[in-house]
Ligand SMILES: NC(=O)c1ccc[n+]([C@@H]2O[C@H](COP(=O)([O-])OP(=O)(O)OC[C@H]3O[C@@H](n4cnc5c(N)ncnc54)[C@H](O)[C@@H]3O)[C@@H](O)[C@H]2O)c1
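In my numbering, the protein residues as written are 1 to 377.
This is the structure we're talking about:
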């Protein structure tokens with residue numbers, strides 16, 4: 001099988017998400033890191049790319065040089081990952097799609113709903129793949145939950161309760177640290193802080209597991225550290241197209257919660273629970289029955305959960321392999337082969353609309369608002 005050429009923008013040395021992409025893309029031997037503009041500092045980015053095995057003429061100083069350089073090559077990259085800070089995603093993603101490249105963009109895909117709609121249109125017109133890295137949806141046991149819901153094993157879903165709440169920005173004496181401060185500064189982060197950063201993972205997860213979309217929402221935002229302009233805590237109530245009631249709590253001041261991402265799905269004949277800190281397990285309770293712990297890799301799971309499970313039962317299988325599952329399906333999609341669910345630009349757009357509408361709702365005392373982007377109403 002010929003390897004696919006992969007390029008990355010951002011994800012330089014010391015970045016948070018870069019290592020997960022490098023491990024994930026290369027875990028299955030589908031992709032080789034062939035090109036990169038890895039750092040906002042051109043020289044650092046070039047040096048780091050070469051230390052990772054990128055040829056000197058494909059270790060670029062910035063993404064514009066990379067676009068020009070790759071466009072003209074016979075062995076041009078088959079996929080580019082955009083792992084830069086949020087405000088750059090739109091321009092880079094759009095430019096690469098227009099030049100005929102497949103793109104995996106980090107979340108949030110854009111800063112505005114209008115930009116999100118444009119990416120959806122450009123992706124459609126280009127015929128190229130535009131995926132968004134909602135990587136938690138690629139954990140095998142998340143796929144199992146989705147399968148159980150889709151096959152009626154917990155009945156019609158009444159209620160989803162999800163949270164993505166950590167405490168890593170809870171120290172008021174650290175609030176001025178530049179690595180923390182920008183996230184609550186509208187000039188750098190956009191209209192929302194914690195909800196746009198972590199809440200949208202939880203909202204996407206609700207839609208993914210239920211195979212349903214969020215229709216309307218009502219939000220309460222708080223800046224519990226008063227120097228922050230944007231919210232560090234949010235409670236969002238939502239309703240889905242199929243009538244499911246949703247509750248979402250996201251916070252960055254929940255001291256003691258580490259990663260803090262979990263979801264509970266309550267149906268008419270059963271309930272499910274999953275948490276990212278114990279990603280190998282789903283708790284399943286049939287109505288009137290005992291709670292069962294379902295383990296990744298055990299017999300009887302769906303083919304989708306089995307397909308995305310790499311190591312033997314009870315061995316820890318973590319975040320980089322969830323990211324790797326996204327790349328497995330991207331490789332298959334690029335090769336024109338059958339593949340599993342990939343989070344797309346439409347998902348990225350829905351998140352952006354939910355963020356902007358949640359901000360509007362919070363400013364309006366929690367009024368219920370339409371959560372959908374205009375183009376999907
Ligand atoms: N999917 C997830 O679970 C997940 C997790 C963490 C971060 N993210 C997203 O990934 C993105 C990056 O976040 P991070 O935490 O790794 O940030 P970071 O600040 O740790 O790293 C950003 C990297 O991008 C480089 N960079 C900045 N501007 C650039 C430019 N114009 N061209 C090339 N390189 C540039 C920086 O030098 C740095 O190496 C964000 O959009 C974030 O929301 C997603």
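Note that CB positions come from ideal geometry on N, CA and C, so glycine has one too.
Computed from a predicted model, the values in this text were never measured in an experiment.
Local conformation of residue i per DSSP, three classes
| i | result |
| --- | --- |
| residue 312 | coil |
| residue 87 | helix |
| residue 206 | helix |
| residue 182 | helix |
| residue 384 | No answer is possible for residue 384: the residues shown for the chain start at 1 and end at 377. |
| residue 148 | helix |
| residue 160 | strand |
| residue 67 | helix |
| residue 239 | strand |
| residue 192 | coil |
| residue 165 | strand |
| residue 112 | coil |
| residue 230 | coil |
| residue 119 | helix |
| residue 263 | strand |
| residue 78 | coil |
| residue 131 | strand |
| residue 171 | coil |
First through last residue of the beta strand (DSSP E) which encompasses residue i
| i | result |
| --- | --- |
| residue 246 | 245-251 |
| residue 216 | 214-222 |
| residue 198 | Residue 198 -> no beta strand (DSSP E), and no H or E assigned at all. |
| residue 102 | 102-105 |
Any non-hydrogen atom of ligand 1 within 7 Å of residue i CB
| i | result |
| --- | --- |
| residue 16 | yes |
| residue 9 | yes |
| residue 329 | no |
| residue 94 | no |
| residue 45 | yes |
| residue 75 | no |
| residue 63 | yes |
| residue 68 | no |
| residue 56 | no |
| residue 311 | no |
| residue 40 | yes |
| residue 202 | no |
| residue 130 | no |
| residue 116 | no |
| residue 296 | no |
| residue 12 | yes |
| residue 83 | yes |
| residue 121 | no |
| residue 177 | no |
| residue 107 | yes |
| residue 88 | yes |
| residue 237 | no |
| residue 187 | no |
| residue 325 | no |
| residue 49 | no |
| residue 345 | no |
| residue 37 | yes |
| residue 133 | yes |
Cutoff 8 Å: residue i Cβ touching any chain C Cβ
| i | result |
| --- | --- |
| residue 301 | Absence of chain C from the displayed structure is noted, only one protein chain being present. |
Which runs of the beta strand (DSSP E) fall wholly inside the stretch 265-350 and span at least 3 residues, in chain order? Qualifying beta strand (DSSP E) stretches, in chain order: 270-275, 281-286, 292-295.
With a threshold of 8 Å, are at least 3 pairs of Cβ atoms found where one atom belongs to the stretch 206-215 and the other to the stretch 127-143? Taking 8 Å as the limit for Cβ pairs, the verdict is that the stretch 127-143 does touch the stretch 206-215.
Are the stretch 351-370 and the stretch 213-223 touching, with three or more C-beta to C-beta distances below 8 Å? At 8 Å Cβ cutoff, the stretches touch.
For the pair the stretch 255-270 and the stretch 102-112, tell me if three or more CB-CB distances fall below 8 Å. Verdict: no, contact absent.
Curious, which full-length alpha helix (DSSP H) runs of at least 4 residues does the stretch 4-64 contain? Taking only runs of at least 4 residues, the alpha helix (DSSP H) segments lying wholly in the stretch 4-64 are 18-26, 42-51.
Counting pairs of Cβ atoms below 8 Å between the stretch 68-77 and the stretch 21-36, do you hit three or more? The stretch 68-77, when compared against the stretch 21-36, does touch it at the 8 Å Cβ threshold.
Assess contact between the stretch 225-239 and the stretch 179-196, defined as three or more Cβ pairs (one per stretch) separated by less than 8 Å. Is contact present? Yes: the two stretches touch, three or more of their Cβ pairs being nearer than 8 Å.
Assess contact between the stretch 144-159 and the stretch 271-286, defined as three or more Cβ pairs (one per stretch) separated by less than 8 Å. Is contact present? Yes, the stretch 144-159 touches the stretch 271-286.
Kindly confirm or deny that the stretch 156-164 and the stretch 299-315 touch, where touching means at least three C-beta pairs closer than 8 Å. Flag = no, the stretch 156-164 and the stretch 299-315 do not touch.
How about the stretch 117-133 and the stretch 99-106: do they share at least three Cβ pairs that are nearer than 8 Å? With a cut-off of 8 Å, the stretch 99-106 and the stretch 117-133 count as touching, because enough Cβ pairs lie within range.
Could you tell me whether the stretch 71-90 touches the stretch 3-21, where touching means 3 or more Cβ pairs closer than 8 Å? Yes, since at least three Cβ pairs between the stretch 71-90 and the stretch 3-21 fall closer than 8 Å, the two stretches touch.
Taking one C-beta from the stretch 8-17 and one from the stretch 307-320 each time, how about it: are there three or more such pairs within less than 8 Å? Short answer: they don't touch.
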